[in-house]
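Notes follow once the structure below has been shown.
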Amino acid sequence: MCLRRVVLLAVLACGLVARAQQQPDFSKTEVRTTHVGGNVYMLQGEGGNIGVSAGADGLLMVDNEFLPLAEKIEAALHAINPGKLKFVVNTHFHGDHTGGNVHFGREAPIIAQTNVRKRLRVVPAAKQEPLPLLTFDDSMSVQFNGEEIKVVHVPHGHTDGDSIIFFTKSNVVHMGDQFFCGRYPNIDLGGGGDVRGYIRNVELAIERIPADAKIIPGHGPLGTIKELKEFHEMLVGTSSFVEKQIAAGKTLEQVKAEGLPEQWKSWDQAPIREGRWLDILYRGLSAKPAAPGAKAP
Ligand SMILES: [Zn+2]
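Here it is, written out as structure tokens:
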């Protein structure tokens, strides 16, 4: 009993330390604005990149970073366009993309895939309200600022609730965390994510995105189809490397000690360093692949 209590306290303490480490000093953060194309802008602060549609209908934002940055983000939004915020889209449930829901969700309805709402509901109440008001299973469109903005769900990849957003006339795509530009991605295996599914989703995006489109990644600099294809190559290369190590009977510790081949070193950047990427690949690829067409629970 006593030991269990000690273990529980240790786990709680680790959680607190981890959370404290995750909270950067937002007072020093600057929110940078980039015009991407047509009506679309990108805002970059501390968390996931924000996409903005700005025009005669007002503003629509895709993701909203951390709550302490809400005022700076709001100032950046209104520097682009003084119009009203009309819609907030969440690409997925992670806090570095949805922390600002508490602020921006009071100004405008939040749109998200059904599983995003389900997962946000387990977050402590003070951080979850308001929840997404408009939910969908597969896809939905918003006719806004003279173009169709398509919000398309992709199955089990980064999480189980990710969407890719197509600004069809502006020729811009926001991929959320289905794309980390020039760096290893996070795949949330505990949040419905799947390594093979993640790679399949990137392949679907490559097929679907026009060759001359601009691509806003969840993390990293603005990209194009070229960077997305390089990302895909890295995903396929590093995952088949780790699959072979697993087949050869190596332990995770051995795989980490050996590291990845030199050709992938430039991808080893914050927030997902090589050790964490190997961890994700090893755990994700050790799981048996689902039978084709099988539905995950
Ligand atoms: Zn994420």
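370 is the number of the first residue of the sequence shown in this note's numbering; add one for each residue after it. By construction, the Cβ of each residue, glycine as well, lies at the ideal position given by its N, Cα and C atoms.
Nearest neighbour of residue 622, chosen from 400, 401, 583 and 643 [CA to CA]: Minimum Cα distance to residue 622 is reached at 643.
Residue 563 Cβ short of 6 Å to ligand 1 heavy atom set: no
When 416, 478, 393 and 424 are compared against residue 515, the one with the closest alpha-carbon: 424
For residue 519, the residue or residues it bridges with in DSSP: Answer by DSSP bridge pairing, in chain order: 510 and 535.
Cβ-based burial, residue 467 [other Cβ within 10 Å; buried from 16]: That one is buried.
Short Cβ contact (7 Å threshold) for residue 604 with residue 575: no
For residue 662, the three-state DSSP class (helix, strand or coil): Unreliable placement is indicated for residue 662, whose pLDDT of 49 sits below 50; the coordinate value is still reported in the next sentence. Reduced to three states, the DSSP call for residue 662 is coil.
Residue 403 to residue 508 span [Cα, whole Å]: Distance between the alpha carbons of residue 403 and residue 508: 27 Å.
Bridge-paired residues (DSSP) for residue 430: 421 and 457
Cα-Cα separation between residue 652 and residue 452, rounded to whole angstroms: One C-alpha to the other measures close to 46 Å.
Where the alpha helix (DSSP H) containing residue 667 begins and where it ends: The structure shown has nothing for residue 667, since the chain only spans 370 to 666.
Contacting residues, own chain, Cβ-Cβ under 7 Å from residue 498 (five flanking each side not counted): 471
Option nearest residue 474 by Cα separation, candidates 501, 519 and 482: Checking every option, the nearest Cα to that of residue 474 belongs to 501.
Secondary structure of residue 545, DSSP reduced to three states: helix
Burial state of residue 413, where buried means 16 or more other Cβ atoms lie within 10 Å: In this structure residue 413 is buried. Its beta-carbon is surrounded by 16 or more other beta-carbon atoms within 10 angstroms.
Bounding residues of the beta strand (DSSP E) (the contiguous stretch that carries residue 588): Neither: residue 588 is in no beta strand (DSSP E) and is coded neither H nor E.
In DSSP terms, what residue 479 is bridged to: 457
N- and C-terminal bounds of the alpha helix (DSSP H) containing residue 406: From DSSP, residue 406 is part of no alpha helix (DSSP H) but of the beta strand (DSSP E) over 401 to 406.
Residues of its chain near residue 562, where Cβ-Cβ distance is below 6 Å and the 5 sequence neighbours each way are ignored: 527, 528 and 556
Distance cut-off 6 Å: residue 546 Cβ against heavy atoms of ligand 1: yes
Residue from 442, 536, 564 and 616 whose Cα sits closest to the Cα of residue 584: 536
Close beta carbons around residue 641, own chain, < 6 Å, minus the five adjacent residues each side: 553 and 555
Residue 504, enclosing beta strand (DSSP E) - first and last residue: 503 to 505
Counted within 10 angstroms of its Cβ, other Cβ atoms place residue 607 as buried (16 or more) or exposed: buried
Ligand 1 heavy atom lying under 6 Å from the CB of residue 463: yes
Environment of residue 460 [buried if 16+ CB atoms lie within 10 Å]: buried
Beta-carbon proximity of residue 479 to residue 511, cut-off 7 Å: 7 Å or more divides the Cβ of residue 479 from the Cβ of residue 511.
Assigned exposure category for residue 520 - 16 Cβ within 10 Å defines buried: buried
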